[in-house]
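Visitor: A single structure is presented below for examination.
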Amino acid sequence: MSKLTKLSRRHFIRVSVMAGGGLLVACGGGSSSSKNNNTSTPPTDNGGEPTNPAEAFQVGEFMRISTDNKITILVGAAEIGQGALTAIPMIVAEELDADWSQVSSESSPVAARFNNPYFANLLQFTVASSATRGYFEGQRSVGAAVRQMLVNAAAKRWEVPASSLRTESSYVIDDIGGRRASYGELSSEAAQERVPTNPSLKNPANYRIIGSSPQRLDAADKTDGSFQYGIDVDIPNMLTAVIARPPRFNGQALNVDDNAALAVPGVRGVYTILGGVAVVADDFWAAEKGRKALQVQWNELLAGRTDSDTQRNAYNLRLNLPGLPIRIDGLVLTAQLFASETVSADYYFPFMAHAAMEPLNVVVDYDGSSAEIWTGTQSATLDKVFAGLVLGLLPDQINFHVMPSGGGFGRRGNPLADYVRDACAVAKQIRQPVKVIWTREDDMKGGYYRPAAAVRVSASIDSANNITAWTHRSVTQDVTALLYAENLLDSLADFTLPPLKELTDFETGMPYKIDNVLMDAHLTVNLNMPALWMRSVNKFSDVFAQETFIDELALKVNKNPYNFRRDLLSEKPRHRAVLDAVADAANWGFPASGRSQGIAVMGHWNSFVAQVVEVSVSANRELTVHRVVSAVDCGTAVNPDLVIAQVESAVIFALSSILFGEILLEDGVVQQSNFDDYPVLRMYQTPAIETIIVNSGNPVGGVGELGVPCVGPALANAIFGAIGERIRELPLTRSNFKIA
Numbered sequence: 018m019s020k021l022t023k024l025s026r027r028h029f030i031r032v033s034v035m036a037g038g039g040l041l042v043a044c045g046g047g048s049s050s051s052k053n054n055n056t057s058t059p060p061t062d063n064g065g066e067p068t069n070p071a072e073a074f075q076v077g078e079f080m081r082i083s084t085d086n087k088i089t090i091l092v093g094a095a096e097i098g099q100g101a102l103t104a105i106p107m108i109v110a111e112e113l114d115a116d117w118s119q120v121s122s123e124s125s126p127v128a129a130r131f132n133n134p135y136f137a138n139l140l141q142f143t144v145a146s147s148a149t150r151g152y153f154e155g156q157r158s159v160g161a162a163v164r165q166m167l168v169n170a171a172a173k174r175w176e177v178p179a180s181s182l183r184t185e186s187s188y189v190i191d192d193i194g195g196r197r198a199s200y201g202e203l204s205s206e207a208a209q210e211r212v213p214t215n216p217s218l219k220n221p222a223n224y225r226i227i228g229s230s231p232q233r234l235d236a237a238d239k240t241d242g243s244f245q246y247g248i249d250v251d252i253p254n255m256l257t258a259v260i261a262r263p264p265r266f267n268g269q270a271l272n273v274d275d276n277a278a279l280a281v282p283g284v285r286g287v288y289t290i291l292g293g294v295a296v297v298a299d300d301f302w303a304a305e306k307g308r309k310a311l312q313v314q315w316n317e318l319l320a321g322r323t324d325s326d327t328q329r330n331a332y333n334l335r336l337n338l339p340g341l342p343i344r345i346d347g348l349v350l351t352a353q354l355f356a357s358e359t360v361s362a363d364y365y366f367p368f369m370a371h372a373a374m375e376p377l378n379v380v381v382d383y384d385g386s387s388a389e390i391w392t393g394t395q396s397a398t399l400d401k402v403f404a405g406l407v408l409g410l411l412p413d414q415i416n417f418h419v420m421p422s423g424g425g426f427g428r429r430g431n432p433l434a435d436y437v438r439d440a441c442a443v444a445k446q447i448r449q450p451v452k453v454i455w456t457r458e459d460d461m462k463g464g465y466y467r468p469a470a471a472v473r474v475s476a477s478i479d480s481a482n483n484i485t486a487w488t489h490r491s492v493t494q495d496v497t498a499l500l501y502a503e504n505l506l507d508s509l510a511d512f513t514l515p516p517l518k519e520l521t522d523f524e525t526g527m528p529y530k531i532d533n534v535l536m537d538a539h540l541t542v543n544l545n546m547p548a549l550w551m552r553s554v555n556k557f558s559d560v561f562a563q564e565t566f567i568d569e570l571a572l573k574v575n576k577n578p579y580n581f582r583r584d585l586l587s588e589k590p591r592h593r594a595v596l597d598a599v600a601d602a603a604n605w606g607f608p609a610s611g612r613s614q615g616i617a618v619m620g621h622w623n624s625f626v627a628q629v630v631e632v633s634v635s636a637n638r639e640l641t642v643h644r645v646v647s648a649v650d651c652g653t654a655v656n657p658d659l660v661i662a663q664v665e666s667a668v669i670f671a672l673s674s675i676l677f678g679e680i681l682l683e684d685g686v687v688q689q690s691n692f693d694d695y696p697v698l699r700m701y702q703t704p705a706i707e708t709i710i711v712n713s714g715n716p717v718g719g720v721g722e723l724g725v726p727c728v729g730p731a732l733a734n735a736i737f738g739a740i741g742e743r744i745r746e747l748p749l750t751r752s753n754f755k756i757a
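Counting in the working numbering, the sequence shown runs from 18 upward without gaps.
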């Protein structure tokens with residue numbers, strides 16, 4: 018049995034009988050201790066695995082099978098719209114041989130047993146497209162183990178060999194004896210069975226649930242409005258707070274005149290915290306009115322003074338200097354020396370806001386000795402840690418509820434837990450349930466942003482029109498390299514020591530067959546400018562430069578951009594497969610009359626994507642995006658409909674950033690505040706979107722970020738085809754395009 022299917026001490030499960038009957042299963046990748054265990058730990062052998070598991074967890078349970086045959090799966094990944102509350106239960110239900118119509122899901126507590134295996138079982142963290150690919154193998158093993166325990170219980174009941182029984186749709190079936198028993202009937206007996214450490218997993222050819230597209234488990238509640246997001250939480254005696262923040266990052270309140278604010282009906286108090294000045298009231302509107310009446314003088318001695326124009330100039334200058342080497346293949350300088358020609362291009366990308374539909378919000382109920390917290394978060398473990406530090410509580414004194422989020426895009430995955438810390442600081446002052454709400458303006462002006470970036474790409478061409486050298490230099494804020502080394506995590510998951518080029522996320526995954534490659538980066542540090550990963554991270558900027566420049570090279574050597582890429586991908590079959598699939602689906606080379614096509618391809622997050630964008634541009638630079646076609650290979654698509662939904666949402670997200678996305682700073686002050694001056698794509702501007710899934714049968718890859726990076730370069734390449742103009746900076750409104 019492979020290392021991925023064995024239930025080790027890091028992926029333990031414990032079972033017990035629920036009150037009233039049924040099976041309670043706890044599983045996870047962290048400590049097996051719990052202050053809520055109601056029995057002592059059983060004696061162990063077999064390397065520490067429990068031989069008679071009988072622990073019952075009042076919190077932290079992973080799965081419940083009740084006597085009425087209903088199954089509830091608790092999900093450790095955050096639900097931020099990507100479908101984690103459906104996809105992960107599908108994985109468990111597949112190996113469990115469950116009746117999917119009887120399966121429901123809930124968000125798990127924040128506890129070590131729910132940590133994401135992708136992050137070495139250290140964190141509950143939902144970033145880097147890691148939810149499904151992180152939990153996939155472990156959840157399969159849990160489902161398979163519980164299925165085997167149910168079979169063993171039935172075998173004992175009927176006094177037959179377990180090997181003579183089979184399972185189907187939440188029943189154990191004895192074909193020879195002509196009898197069956199539901200999982201609910203067997204649940205109490207199954208709780209007495211030993212946990213198999215090497216459960217037999219299904220052959221993927223026999224999947225019934227994985228690979229199908231059942232309706233999302235949260236679809237009905239979202240349709241009738243009963244689905245509850247963090248901002249919907251309402252508990253008894255709850256107050257509402259908003260925070261006045263300094264106009265420049267890291268400013269501090271110096272003098273606060275709260276007389277007018279306290280005079281507003283409903284305002285209960287004004288409190289100075291590290292993040293600003295909180296106005297607490299009976300409801301949001303009273304708090305907001307009180308904040309507007311507040312008079313604050315800010316100490317800005319240490320405040321940030323980032324200026325967009327000044328920073329752009331500084332970044333462009335640094336493109337002329339060698340950076341930290343990220344990838345070194347061959348002898349680039351030698352190849353450049355003997356080349357017939359070396360060409361280059363510079364690109365610039367501004368700060369961008371995440372602009373999730375649901376603004377940040379946190380509810381905290383703190384009484385001095387314990388706390389309950391409700392919020393939508395992508396970094397639950399770290400948020401809980403910081404909450405404990407602010408409130409002076411131990412982890413087991415905090416009950417942290419992870420709520421579904423109306424979008425995250427990385428903003429709710431801040432390892433510094435800024436919005437949770439602020440809310441806890443307010444709760445510590447008032448010791449009464451409080452909801453801290455960020456308005457849209459707070460969200461837009463209050464950080465954190467996709468970091469600005471400058472990129473220079475160059476290529477050397479010999480007399481036979483071959484690319485002999487490639488260089489890629491990035492300048493950006495040091496957020497993705499030190500805090501987001503996902504390639505390192507990928508390598509560690511396979512028990513391999515990664516080479517230098519994989520120690521950071523700056524290596525673009527440039528797939529083309531070029532013998533001499535040099536990639537380097539300048540990692541700038543700006544503690545007064547809050548920057549954070551954003552959907553697709555640095556791939557947004559680096560792949561844009563890479564894939565638009567590849568188009569330029571294709572034109573230079575008189576080749577079709579699709580054929581040019583295909584020739585350079587001779588050793589990359591999965592890249593080639595999606596490239597061929599999208600070209601075929603988009604009818605590459607034969608766009609509708611008056612339209613132009615652009616193409617781009619990429620592999621990352623253990624997945625691969627190619628996209629074709631079809632546009633037209635009028636004489637007055639009015640741009641119409643007519644069609645976006647994507648071909649995706651994510652290995653094994655657990656739920657194809659969810660994959661398509663993620664890719665198509667990513668297309669809209671990417672188009673919003675490409676067309677409009679720009680946060681400008683003047684002397685440290687953010688100039689944008691809401692959707693009127695930071696637009697997102699409107700429905701009438703949305704193109705026809707088509708997505709093809711290429712089933713490679715490889716291990717599960719990530720999808721949430723996959724659909725973003727190639728949209729920009731494919732669009733830019735299509736614009737060049739339409740009007741012969743190269744796009745070197747974003748957003749397109751900077752180049753005076755009007756969006757139809």
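We treat Cβ as the ideally placed atom computed from N, Cα and C, and that holds for glycine.
#1: By Cβ distance below 8 Å, which residues in the same chain neighbour Met369 in space, the five residues on each side in sequence not counted?
#2: To the nearest angstrom, how far is the alpha carbon of Arg233 from that of Gly100?
#3: Could you tell me if Tyr701 is buried or exposed, where buried requires 16 or more neighbouring beta carbons within 10 angstroms of its beta carbon?
#4: Out of curiosity, what's the CA-to-CA distance linking Thr708 and Val720?
#5: Thinking C-alpha only, which one of Val560, Arg638, Asn483, His643 is nearest Asn533?
#6: For Ile90 and Val109, which I take to be in contact (beta-carbon distance under 8 Å), what is that distance rounded to the nearest angstrom?
#7: Of the residues Arg225, Asn545, His418, Asn220, which one's Cα is nearest the Cα of Ala128?
#8: May I have the straight-line CA-CA distance separating Thr56 from Arg699, to the nearest angstrom?
#9: With DSSP run on the structure shown, which of helix, strand or coil describes Met700?
#10: Leaving aside the five residues before and after Arg329 along the sequence, list all residues of the same chain whose C-beta is less than 7 Å from its C-beta, in chain order.
#11: Could you tell me if Gly741 is buried or exposed, where buried requires 16 or more neighbouring beta carbons within 10 angstroms of its beta carbon?
#12: Could you tell me the alpha carbon to alpha carbon distance between Glu601 and Pro608, rounded to whole angstroms?
#13: Which residue's Cα is closest to the Cα of Thr351: Asp384, Ile478, Val287, Thr394?
#14: Would you say the segment 126 to 142 touches the segment 393 to 403, given that touching needs at least three Cβ pairs under 8 Å?
#15: Does Asp459 come out as helix, strand or coil in the three-state DSSP assignment?
#16: On the three-state DSSP scale, how would you describe Arg743?
#17: Does the segment 555 to 573 come close enough to the segment 605 to 620 to have 3 or more Cβ pairs within less than 8 Å?
#18: With 16 other CB atoms within 10 Å as the buried threshold, where does Leu319 fall?
#19: Whose C-alpha, out of Ser361, Asn604, Asp597, Glu631, is nearest the C-alpha of Ser613?
#20: Could you tell me which uninterrupted alpha helix (DSSP H) segments, each at least 4 residues in length, are contained entirely in the segment 126 to 200, listed from first to last along the chain?
#21: Going along the chain, which residues of its own chain have a beta-carbon closer than 6 Å to the beta-carbon of Tyr152, five neighbours each way excluded?
#22: Phe692 to Gly464, Cα distance in whole Å?
#23: Give me the residue from Ala757, Asp300, Asp274, Glu458 with the minimum Cα distance to His371.
#24: When you compare the CB positions of Ser83 and Gly39, do they come within less than 8 Å of one another, or not?
#25: Indicate whether Ile190 and Leu203 have their beta-carbon atoms separated by less than 8 Å.
#26: Under three-state DSSP, which class holds Val660?
#27: What would DSSP say about Met546, mapped onto helix, strand or coil?
#28: Going by other Cβ atoms of all chains shown within 10 Å of its Cβ, with 16 needed for buried, is Val754 buried or exposed?
#29: Could you tell me whether the segment 530 to 545 touches the segment 583 to 597, using the rule of 3 or more Cβ pairs below 8 Å?
#30: Helix, strand or coil for Ser610 per DSSP?
#31: Please identify the residue among Met461, Arg130, Val453 whose C-alpha is closest to the C-alpha of Trp302.
#32: Just the C-alpha distance for Pro282 and Gly385, rounded to the nearest angstrom, thanks.
#33: For the candidate residues Leu723, Asn734, Val686, Ala731, whose alpha-carbon lies nearest to that of Glu317?
#34: Might you give, ordered along the chain, the residues of its own chain that have their beta carbon closer than 6 Å to the beta carbon of Ala627, omitting 5 neighbours on each side?
#35: Is it the case that the segment 433 to 450 contacts the segment 402 to 410, given that we only count it when at least three CB pairs across the two stretches are under 8 Å?
#36: Under the DSSP definition of a beta bridge, which residues are partnered with Asp363?
Guide: Reading off the structure:
#1: Taken in chain order, the residues that qualify are Tyr466, Arg467, Met551, Ser674, Gly678, Glu679, Ile680.
#2: Their Cα atoms are separated by approximately 7 Å.
#3: With fewer than 16 other Cβ atoms from the protein chains shown falling within 10 Å of its own Cβ, Tyr701 counts as exposed.
#4: Approximately 12 Å, taken between the alpha carbons.
#5: Comparing alpha-carbon positions, the option among Val560, Arg638, Asn483, His643 lying closest to Asn533 turns out to be Asn483.
#6: That pair is a contact at about 5 Å.
#7: Measuring from the Cα of Ala128, the nearest candidate turns out to be His418.
#8: Reliability fails at Thr56, whose pLDDT of 29 lies under 50, so the model's placement of it is uncertain and no value is given.
#9: In the structure shown, Met700 falls within a helical segment according to DSSP collapsed to helix, strand and coil.
#10: Exclusion of the five residues before and after Arg329 leaves Tyr365 as the residues of its chain whose Cβ lies within less than 7 Å of its Cβ.
#11: Classification of Gly741: exposed, given that the 10 Å Cβ count is below 16.
#12: The question names Glu, but residue 601 is Asp in the sequence shown. For Asp601 and Pro608, the gap between their C-alpha atoms comes out near 12 Å.
#13: Nearest C-alpha to Thr351: Ile478.
#14: Verdict: yes, contact present.
#15: Asp459: helix per DSSP, three-state reduction.
#16: Reduced to three states, the DSSP call for Arg743 is coil.
#17: Cβ pair count under 8 Å is three or more, so yes.
#18: Leu319 should be labelled exposed.
#19: Check the Cα spacing between Ser613 and each of Ser361, Asn604, Asp597, Glu631: the tightest is with Glu631.
#20: Along the length of the segment 126 to 200, whole alpha helix (DSSP H) runs at least 4 residues long occupy 148 to 175, reported in chain order.
#21: Sequence-distant partners of Tyr152 (beyond 5 residues in either direction) whose C-beta falls short of 6 Å from its own C-beta, in its chain, are Ile105.
#22: Their backbone Cα atoms lie some 16 Å apart in a straight line.
#23: For His371, the nearest C-alpha among the options comes from Glu458.
#24: Closer than 8 Å, so yes.
#25: The Cβ-Cβ distance between Ile190 and Leu203 does not fall below 8 Å.
#26: If DSSP states are grouped into helix, strand and coil, Val660 belongs with the helices.
#27: Three-state result, Met546: coil.
#28: Reading the sequence as shown, one finds Phe at residue 754 and not Val. Sixteen is the threshold: when 16 or more other Cβ atoms of the shown chains lie within 10 Å of the Cβ of Phe754, as they do, the residue is buried.
#29: Segments in contact, yes.
#30: DSSP, read as helix, strand or coil, puts Ser610 in coil.
#31: That would be Val453, whose Cα lies nearest to the Cα of Trp302.
#32: If you take the alpha carbons of Pro282 and Gly385, they lie about 28 Å apart.
#33: Considering only Leu723, Asn734, Val686, Ala731, the residue with the shortest C-alpha distance to Glu317 is Val686.
#34: Cβ neighbours of Ala627 within its own chain (closer than 6 Å, five residues either side excluded): Val595, Leu596, Val599, Val618, Ala648.
#35: Of all C-beta pairs linking the segment 402 to 410 to the segment 433 to 450, three or more are shorter than 8 Å, placing the two stretches in contact.
#36: Listed as beta-bridge partners of Asp363 by DSSP are Arg473.
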